[in-house]
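Below is one structure, written out as structure tokens; the observations come after it.
There are 2 protein chains.
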Amino acid sequence: MGRTHYICCLSISMKKSSMKKHNFGAGPSILPQEVFEQSAQACLEYNGIGLSLLEISHRSKEFEAILDETLTLTRELLQIPDNYKVLLMQGGANMQFAMVPYNLLNENETASYLDTGVWAAKAEEEARLYGKTHIVASSKPDAYRYIPKTFEVPKDSVYLHVTSNNTIYGTEFFEDKSYDVPVVADMSSDIFSRPVDVSRYGLIYAGAQKNLGSAGITMVIIREDLIGRSARAKSKMWDYGIYAKNNSLYNTPPVFAIYTCLLTLRWLKKLGGLTAMEKRNKAKAELLYAEIDRNPLFKGHAVAEDRSRMNINFVPVHPEDEAAFLEFVKPYHIHGIKGYRTVGGFRASCYNALPIESVQVLVQAMQDFEKTK
Amino acid sequence: MGRTHYICCLSISMKKSSMKKHNFGAGPSILPQEVFEQSAQACLEYNGIGLSLLEISHRSKEFEAILDETLTLTRELLQIPDNYKVLLMQGGANMQFAMVPYNLLNENETASYLDTGVWAAKAEEEARLYGKTHIVASSKPDAYRYIPKTFEVPKDSVYLHVTSNNTIYGTEFFEDKSYDVPVVADMSSDIFSRPVDVSRYGLIYAGAQKNLGSAGITMVIIREDLIGRSARAKSKMWDYGIYAKNNSLYNTPPVFAIYTCLLTLRWLKKLGGLTAMEKRNKAKAELLYAEIDRNPLFKGHAVAEDRSRMNINFVPVHPEDEAAFLEFVKPYHIHGIKGYRTVGGFRASCYNALPIESVQVLVQAMQDFEKTK
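Sequence order for the protein chains is Z and U.
Just so you know, we're using this note's numbering here: the first sequence kicks off at 1 and counts up by one.
Just so you know, we're using this note's numbering here: the second sequence kicks off at 1 and counts up by one.
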């Protein structure tokens, strides 16, 4: 015995088009360019260890370091108080629609829901399987154009569920408001887009595929006293307590998806964290809303005061312009602005990773389109 | 307007060590080298479309094609009869431990379980939350060294649950045996390793991260008449019926993980499908078991007739050789052969993608180790 292997590096060549599209897709959506490059490198070989990220054990020291840094950066960027746990699981926000009442609500108890859109309504529907529900307010009769602000939350509600950003209608609220009962927030589409006062919430959940990472991972931030609140016997994979006790490593987690979250969080920190991100997101949204308001060919969907920075929905003043504008923007390499089928028109999703240059191109296209008339 | 963009290709350079490790890890585990390379390329840019795979919509024509081909290849390779559905979901086999009884078993009914290891026992434990369980046989008193073969399945059982390959103990059974009740099989660690007569099963499930793709995706093959069998009102994400009705696209699926499955299935087909794969896996297992039986320093854990081709467990005859051999194999670039903590010794997982050359290197290391004595 006694063979010695010299490990040297091969350079592997990969192809990339020189012209990236401007990706306004609603999700899964654009991530920072360096996340694409670093995750590609990790698929090929992780950190020079002679193995791909896709073939390492979730019990390896390499993955433990990835998980630890992901959780630490999450706590740091959101300034999460010590009495909260950060959990990583699978299944997306839809799974949380069930897991929240399954874990928090007993059969004879009531949970309150604020109905600001399709996702909020789906969350409420799931809760009916586990207890009683009460809808505190709904903007459904007005096509979910606004966020109801004056409502009473019954004091015996176990929690109030809200959807902080409504992707389909382009409404968002930015205030971390306290109520007499714990607030549960679906922040799937605006988490990490601005600083959040986590202490105002009992539970925050978010599917990753907008601002956080690739599809296939979901983050839950939960105040410790709410873990195990409901009395029902729980399946292990549907029990927040199991994730909390096992540091989200009870079973094999989606290693690659978690790594994309880590890369995105590192990028966020490097860019100045959530205050810088909020400034950047405000600038993009203001630029686009200004054009929507100025351009006689377009109008916004949501009321001005509740306009989302993440999903900017607008419709053509003349319905026949819908197909024409979608065709018109193609040479600009604008991708993913077709509106959701129930709202129609256009939706420009401007998640964290979308550069302001993409918004500038869209504004230019809107102005050029106007000139053709 | 009328600008024209010329899209040309940039060559992006990625690094890879020239010496890959021989990865015997139990999972997440080795995948074919071309899967690593093609998934890396897709992270950078998918199929020349100017977007990364990580930023495309799950409703895009690109992802629909990925999903369709994944399901079609699965049906083709396993020759799945028409009255079965193939579903893709998240949460791993642990989630299926709960979803199987939740979807199939009513409270007053009984499900039978064959106890061949820790994972089988965990599956049975979850079923107790949803109905009654009956253990038909258990090899636990003999450290799960064998698969019990003579047992009665009560005729009123809703199903018999089996674990076809037991990763921790290195036992496996290769016969697709029919019983009077539908057989539910956890094939997480041996799916696609040999041809399977799917018609003998009511339901087959498998977490991807052994033979199928990266961690974060789970496959369920279910006979249509079993969908919706239990009467309980179900949460949408825990209901096989929702996945079946929506072609596994009710919510955002883990796009990247599904793509790694597709790449692996294409590789499988190219190599000759499951008959060729079985031959390849037999050759690897025979080579390693022959050395275990020949080498006076090692002995196998499982009884000969139930030896797994996927996880080959062996222990040193002299306990002090355990640490010494783990140290000894390092210069051979052998990775991941430390045994599971409850069994000790060594576990060489030889999943589909492991080349026979890796087994040859391990056998050489065992022989070289013998010479040092």
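Cβ atoms here follow ideal geometry from the backbone N, Cα and C, with glycine treated the same way.
Please name the residue in the options whose C-alpha comes closest to that of residue i.
i: residue 63/U; options: 328/U, 33/U, 254/U and 243/U; result: 254/U
i: residue 166/Z; options: 346/Z, 362/Z and 309/Z; result: 309/Z
i: residue 60/Z; options: 334/Z, 263/Z, 252/Z and 266/Z; result: 252/Z
i: residue 179/Z; options: 54/Z, 159/Z and 94/Z; result: 159/Z
i: residue 316/U; options: 329/U, 71/U, 306/U and 300/U; result: 300/U
i: residue 346/Z; options: 193/Z, 270/Z, 41/Z and 170/Z; result: 170/Z
i: residue 35/U; options: 213/U, 364/U and 305/U; result: 213/U
i: residue 260/U; options: 33/U, 296/U, 85/U and 234/U; result: 33/U
i: residue 30/U; options: 141/Z, 57/Z and 223/Z; result: 57/Z
i: residue 122/U; options: 149/U, 73/U, 131/U and 93/U; result: 93/U
i: residue 221/U; options: 231/U, 148/U, 236/U and 188/U; result: 188/U
i: residue 242/Z; options: 227/Z, 120/Z, 330/Z and 366/Z; result: 227/Z
i: residue 133/Z; options: 15/Z, 102/Z, 194/Z and 68/Z; result: 102/Z
i: residue 281/U; options: 90/U, 372/U and 354/U; result: 354/U
i: residue 279/U; options: 97/U, 86/U, 371/U and 193/U; result: 193/U
i: residue 80/Z; options: 117/Z, 40/Z, 334/Z and 201/Z; result: 201/Z
To the nearest angstrom, report how far apart residue i and residue j are at their CA atoms.
i: residue 356/U; j: residue 23/Z; result: 44 angstroms
i: residue 44/U; j: residue 250/U; result: 27 angstroms
i: residue 374/U; j: residue 78/Z; result: Because chain U here runs from 1 to 373, residue 374/U falls outside it and cannot be looked at.
i: residue 13/U; j: residue 47/U; result: 17 angstroms
i: residue 2/Z; j: residue 352/U; result: With a pLDDT of 38 at residue 2/Z, under the threshold of 50, the predicted position of this residue should be treated as unreliable, and no value is reported.
i: residue 107/Z; j: residue 155/U; result: 35 angstroms
i: residue 126/Z; j: residue 229/U; result: 20 angstroms
i: residue 275/U; j: residue 342/U; result: 34 angstroms
i: residue 4/Z; j: residue 207/U; result: Residue confidence for residue 4/Z is low, a pLDDT of 43 falling below 50, so the modelled location carries little weight; the figure read from the coordinates is stated next. Taking the straight line joining both Cα atoms gives about 37 angstroms.
i: residue 42/Z; j: residue 70/Z; result: 16 angstroms
i: residue 359/U; j: residue 298/U; result: 16 angstroms
i: residue 177/U; j: residue 18/U; result: 45 angstroms
i: residue 377/U; j: residue 109/Z; result: Outside the displayed range of chain U (1 to 373) lies residue 377/U, so it cannot be described from this structure.
i: residue 225/U; j: residue 217/U; result: 24 angstroms
i: residue 203/U; j: residue 161/U; result: 9 angstroms
i: residue 291/U; j: residue 318/U; result: 17 angstroms
i: residue 6/U; j: residue 51/U; result: Here residue 6/U scores only 47 on pLDDT, less than 50, and its place in the model should not be relied on; the value that follows carries that caveat. Residue 6/U and residue 51/U: Cα-Cα distance of roughly 16 angstroms.
i: residue 15/U; j: residue 54/Z; result: 16 angstroms
i: residue 247/U; j: residue 68/U; result: 9 angstroms
i: residue 97/Z; j: residue 258/Z; result: 21 angstroms
i: residue 273/Z; j: residue 234/Z; result: 37 angstroms
i: residue 209/U; j: residue 267/U; result: 16 angstroms
i: residue 371/Z; j: residue 324/Z; result: 14 angstroms
i: residue 151/U; j: residue 136/U; result: 6 angstroms
Which residue comes first and which comes last in the alpha helix (DSSP H) that contains residue i?
i: residue 290/Z; result: 273-294
i: residue 358/U; result: 356-371
i: residue 36/Z; result: 33-44
i: residue 321/Z; result: 321-328
Grab the span of the beta strand (DSSP E) containing residue i for me, first residue to last.
i: residue 219/Z; result: 218-223
i: residue 186/U; result: 183-186
i: residue 132/Z; result: 132-138
i: residue 244/Z; result: Counting along the chain, residue 244/Z falls outside any beta strand (DSSP E), though it belongs to the alpha helix (DSSP H) covering 240-245.
i: residue 314/Z; result: 311-316
i: residue 299/Z; result: 298-300
i: residue 158/U; result: 157-163
i: residue 203/Z; result: 203-207
i: residue 173/Z; result: No beta strand (DSSP E) contains residue 173/Z, which DSSP labels as neither H nor E.
i: residue 266/Z; result: From DSSP, residue 266/Z is part of no beta strand (DSSP E) but of the alpha helix (DSSP H) over 255-270.
i: residue 346/U; result: 346-349
Those runs of the alpha helix (DSSP H) which lie wholly inside the region 72-118 of chain U and span at least 4 residues: Fully enclosed alpha helix (DSSP H) runs of 4 or longer: 92-104.
Selection of the region 91-109 of chain U by Cβ proximity to chain Z, strictly under 7 angstroms: If the cut-off is 7 angstroms between Cβ atoms, the region 91-109 of chain U has 91, 92, 94, 95 and 98 near chain Z.
Contact set between the region 22-38 of chain U and chain Z, restricted to residues whose Cβ is under 8 angstroms from the partner: Hits within the stretch, in order: 23, 25, 26, 27, 28, 29, 30, 31, 35, 36 and 37.
Positions along the region 183-211 of chain Z whose CB lies within less than 9 angstroms of some CB in chain U: Taking a C-beta cut-off of 9 angstroms against chain U, the contacting residues of the region 183-211 of chain Z are 207 and 209, listed in chain order.
Members of the region 139-164 of chain Z that neighbour chain U once the beta carbon cut-off is set at 7 angstroms: Residues: none.
Residues of the region 212-235 of chain U whose Cβ lies closer than 7 angstroms to any Cβ of chain Z, in chain order: Here the close residues are 214, 215, 216, 233 and 235.
Proximal residues, the region 248-263 of chain U versus chain Z, C-beta separation under 8 angstroms: If the cut-off is 8 angstroms between Cβ atoms, the region 248-263 of chain U has 250, 251, 252, 253, 254, 255, 256, 257 and 260 near chain Z.
Members of the region 42-56 of chain U near chain Z, C-beta cut-off 7 angstroms: Taking a C-beta cut-off of 7 angstroms against chain Z, the contacting residues of the region 42-56 of chain U are 43, 44, 45, 48, 50, 51, 52, 54, 55 and 56, listed in chain order.
Under 9 angstroms (Cβ pairs) to chain Z, residues found in the region 328-351 of chain U: Within the region 328-351 of chain U, those residues whose Cβ lies closer than 9 angstroms to any Cβ of chain Z are, in chain order, 328, 331, 332, 333, 335 and 336.
Members of the region 352-367 of chain U that neighbour chain Z once the beta carbon cut-off is set at 8 angstroms: Within the region 352-367 of chain U, no residue has a Cβ that lies closer than 8 angstroms to any Cβ of chain Z.
Selection of the region 59-76 of chain U by Cβ proximity to chain Z, strictly under 7 angstroms: Those residues of the region 59-76 of chain U placed with their C-beta closer than 7 angstroms to a C-beta in chain Z do not exist.
Residues in the region 126-137 of chain U having any Cβ partner in chain Z nearer than 8 angstroms: Against chain Z - using a Cβ distance shorter than 8 angstroms - the residues of the region 126-137 of chain U are 126 and 129.
Interfacial residues, the region 310-329 of chain Z to chain U, with Cβ spacing under 7 angstroms: Flagged: no residues at all.
Interface residues of the region 276-288 of chain Z facing chain U [CB-CB below 7 angstroms]: Of all residues in the region 276-288 of chain Z, none has a Cβ within less than 7 angstroms of some Cβ in chain U.
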